[in-house]
Amino acid sequence: MADAIPLSLRALSKVDPNKTSLPFLISCINNQRGSFRNITEESLEEEIRLEENGQLKSLEEESPAEDTQDVKSRQEELTGARQEMLTQIQQAYYESTGALSLISILLAGNSTQAGISQQALSTIDPYIKETLPNGVLGVDKIQAPQKSETESQTVELGWKTQSLKSAADSLLNSATRLEKELEAETRYWDQVLKIKEQGWSVTRLPREKHTLGVRFGFAEGVYINVSHSIYLPALAHADFRDRGMAALRRDDDGNISLDRGLKFAGDRKLRVRILQHGTIISCSRLSTLATDAEEAIEDDSIEEQILQARNSLFDEELYAELHREARNLTNQGVNCIGDSIQLPYESDKSIQIDLIDIDDIASEGPGKEDWIPTGIDIALHVLLSHAHRQNLRRRSAPPPPLNEGKRPRPIYQILKPIIEHLRHRTNIQSCTNFLTDLTKTLATADLTLTLQQDTTSSWNIPANLTSPQTNPTETLLQSLTAPPQSTFTLSLPSSTLTLTLLTNLFPPSYGTTYHSTLSPSTPETLTAKLPPTTSLTSASDLEAHIIHILTVDLVDHIRSSLPGWSVEDQHTGVLSRTFENGSDEGGMESVTVRVIVEARRLVLEWMDHVEEEGKKRAKQRVVWEQGIGDPKGLLDIVGGIGARGGEN
Amino acid sequence: MHELLLHAVLPSHRHHQVLSVLAGIAAMQPIPISEKNLVFKPQQQPAGPAGRPNPNQGVGAQMKPLQGQMHGDLFYLKLVGETSETGEKAGGTEVRVKEVDEKEEGKDRDVDMLDAPHGNDTSPTTDWTLQFRDLPDPPGRRPVTSRAMTDTPITAGDPLKFMKAMEYTLTTTYHLHGHRLTHNAIDIRLYQLFLPDAQTPLDPSGSYVLQTALRVADGQNVERMQEGVRQLTELKETLKGVVELEMGDRLALDTRVR
């Protein structure tokens, strides 16, 4: 085992660099071989060859040759040594002469003693004495610097102090830097914690593993859902993958900042405006509806930024979804013009929805009916949230088997309920106006019609909003997404007319359908012969229908209230009464009256005879309009006509 | 239809943790499930066209070459009733079944079990499904268990009478309680099995079964099958270190009548 380890316990031999230097080697060669002149190539080769044959032999063979050469070389050696000695002596002589001359010149020029000066002059080299004038060299005695022990100690101490000081300085610098860094880190983490405490999800960024990010995207929104890509076209997927996250970066002072990436081009906001003949009359103001919790957050704080980023993302998604839906609703008059969506509203107005920079919001002054666009704005947001909830429900359901076709992402129904409700509202308004006018007109003619209106019959507001059994949000939203329905009940003299308005943008109606149900008080009335239910699709048809029913009903009312009158044509409102002619011939005479119902007036026409002309008759008419007209009622006048005829 | 499966067994103390992990992966809250499983055995060999309908019928003709040697085998059928999605209601039903069991103790067990779902479980809240599962394909072809299957929802009528008319006898009843999640096209179930009159799980250690299943409409469509296998193995990779999903034992999943 020990043999296996080639371990030397001796110190490693140290190669002296001086021993390998060229001057040392040359001196070695000189010692060993004598002068270089004796060394030839042949002799060296011979020596090597001999060495290879064996050292002993070479030594034996070499000794006689060396003996013969020895005498010769010895001679040369001696000659050389002598020569060298002479050269060196000469050198020494020159140098000592030079030194002596130097001292002598100094002494000759500066000595105050004449004897010394003379002596010095004599010892100067004659050549120099001739060349240099006397006294060219001067000499002076100066104080040589004295290095005491204390001084060197002081220097040493100084150096030591200086290095210690610089070391301390650098340590202190690092400490300050670390302290600053610590402060910055503490501030950063405090803010991160604050964000976390507010309920935001703080995670690592998928692309930068060492950066923290905050997730503010919506779990069911298209912009965030990477894992649920079955609903996403590939392009949108790639474009919006990271939109729901932003990096939380720290600046030098430890302040946190939100890094929204390169694609971020400012926060956006949805704006809803109402245009009348191309001029803006009102604009949505959602920003004024901030909750208390939102107001408590300072401007420009990180929380505000995150909140704004979330809102902006939501609005952008909403806008994209609205565009998707708007393309399918062109049959309802919805247009996508440039960057805005236009919906028809009432007869001469339109609603414009666009996405604007958040800074442009306050640029316009308040309009007169800002609550309508604001309401629409809120409803749009609520409906997108509803669509998100439905997305969750859809993907939580047991999955269908894998099949050829991919499941397309459904188009959300956000604009549809809005359009339905707006249209419904307009239709209710026109229907109410018509029926109120009618009621007022007939009231002038002393006929009482009662109108009851229920515009919230389709509203399904849960009684207990905190009940755990039903989801109150879902129930409430069903009222918004279900086709709106309203009911009017009009009590006519002899029957009751119920009108149901249902607005649905889907086939087969593509709009509002009016269902009218007629329920006569007794089966003998004339209205009982009319079809009990009718469905109509336009407001003008409905008005004509109501007027028709009202005419028939009034005819029936006159017939039943005033004996003697018989019905000629109930559909056109013609009644007649036959009585005995006042003449002696005993003939029969009849009088005919016609009731004409219009939206804003009631007309009674009859042919009356003119006294002066005898048998000739002239057309008479009484008109009731709202509040003006004959003070007598319809029945009184018809009764009067009958009585007058009887007198004749 | 084909079904691709991976299974794992989970000790009861890890149930909550794994359920949380799964909820995170699926990005949804787990939905509680409670199922009643009635296993039926065919009474006799089908005799002619009037006999028991061939269970392979609904699966398609492609089954035949796959299991030529099994031709003529009889398979168990399972009637599954999803009682309710809330645990509270499911518990209530369970108690009622138990009461019925006790009352009619003297009677034949077969009749007893038939009565139980007839009296209580076929209430409107129970959705019955007739399930057929084939013997899984031989291993080696795919890294997951794959088998032919059909699920027939029973929309109206008495399922037990129907089974009786088909000459099937009820052999076993067990209950399944647990949670369900959906991840893409994968149906994840984490459940325990109970006998009808037992308060403790069938497995005395109280361990849970994790089943990840993916259905493919056409088992002959190689592309779709590969896509299904890919999704399942992806989930398996994601869950690595949490739960090791593995192929089930083929013979343990055998549904043939011996």
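Chains E and L, in that order, are what the protein sequence lines are. Going by the UniProt record's numbering, the first residue of the first sequence is number 1, and it counts up by one from there. Going by the UniProt record's numbering, the first residue of the second sequence is number 1, and it counts up by one from there. A virtual CB, placed ideally from N, CA and C, is assigned to each residue, including glycine.
| Check | Outcome |
| --- | --- |
| Same chain, Cβ closer than 7 Å to L:Arg133, five either side skipped, listed in chain order | Arg147, Met149, Thr255 |
| Cβ shell of L:Val39 (< 6 Å), same chain only, five flanking positions each side left out | Tyr76, Lys78, Thr171, Thr172 |
| contact_flag[the segment 6 to 16 of chain L, the segment 239 to 247 of chain L] where n(CB pairs < 8 Å) is 3 or more | yes |
| Contact list for E:Ser396 against chain B, beta-carbon separation under 7 Å | Chain labels in this structure do not include chain B; the protein chains are E and L. |
| Per DSSP, cross-strand counterpart(s) of L:Pro201 | L:Phe194 |
| Contact the segment 628 to 637 of chain E vs the segment 364 to 384 of chain E: 3+ CB pairs below 8 Å | no |
| Span separating the alpha-carbon of E:Ser257 from that of E:Glu303 | 10 Å |
| Proximity to E:Arg600 [Cα-Cα], best of E:Ile428, E:Thr436, E:Thr186 | E:Thr436 |
| CB contact flag (E:Phe506, E:Leu499, <8 Å) | no |
| DSSP state of E:Phe314 mapped onto helix, strand, coil | helix |
| Test: E:Ala387 CB closer than 8 Å to a CB of chain L | no |
| In DSSP terms, what E:Gly511 is bridged to | E:Asn504 |
| CB contact check: L:Val216 to chain E, cutoff 8 Å | yes |
| Local Cβ density within 10 Å of L:Gly228, reported as buried at 16 or more and exposed below that | buried |
| Partner residues on chain E for L:Asp187, Cβ-Cβ distance less than 8 Å | Pro398, Pro399 |
| Contacts of L:Arg224 in chain E (Cβ-Cβ under 8 Å) | Leu402, Asn403, Glu404 |
| Collapsed DSSP secondary structure at L:Glu237 in the structure displayed | helix |
| C-beta atoms of E:Gly573 and E:Leu602 nearer than 8 Å | no |
| Contact with chain E by L:Gly248, beta-carbon distance below 8 Å | no |
| Candidates E:Ala167, E:Tyr319, E:Ile351, of which the one nearest E:Val334 by Cα | E:Ile351 |
| One or two residues paired with L:Pro42 in a DSSP bridge | L:Tyr168 |
| Neighbourhood of E:Phe314 by C-beta, 8 Å cutoff - its chain only, sequence neighbours within 5 removed | Phe218, Gly221, His381, Leu384 |
| For E:His571, three-class secondary structure by DSSP | coil |
| Cβ distance (whole Å) where E:Thr503 is taken to contact E:Gly511 below 8 Å | 7 Å |
| Contact the segment 411 to 425 of chain E vs the segment 474 to 493 of chain E: 3+ CB pairs below 8 Å | yes |
| Segment contact flag, the segment 405 to 413 of chain E with the segment 424 to 431 of chain E, C-beta cutoff 8 Å, min 3 pairs | no |
| C-beta neighbour in chain E for L:Glu82, strict 8 Å | no |
| Residue from L:Lys236, L:Leu202, L:Leu130 whose Cα sits closest to the Cα of L:Pro153 | L:Leu130 |
| Where E:Ala144 falls: helix, strand or coil (DSSP) | coil |
| Where E:Leu392 meets chain L, residues with beta-carbon distance less than 7 Å | Met28 |
| Listed by chain order, chain E residues near L:Gly228 by CB distance under 7 Å | Leu402 |
| Assumed close pair E:Asn110, E:Val139 - CB separation to whole angstroms, cut-off 8 Å | 6 Å |
| Every unbroken beta strand (DSSP E) within the segment 71 to 110 of chain E, with a cutoff of 3 residues, ordered by chain | none |
| Unbroken stretches of the alpha helix (DSSP H), 4 residues or longer, contained in the segment 369 to 427 of chain E | 371 to 396 |
| CA-to-CA distance, E:Leu171 to L:Pro30, given in whole angstroms | 57 Å |
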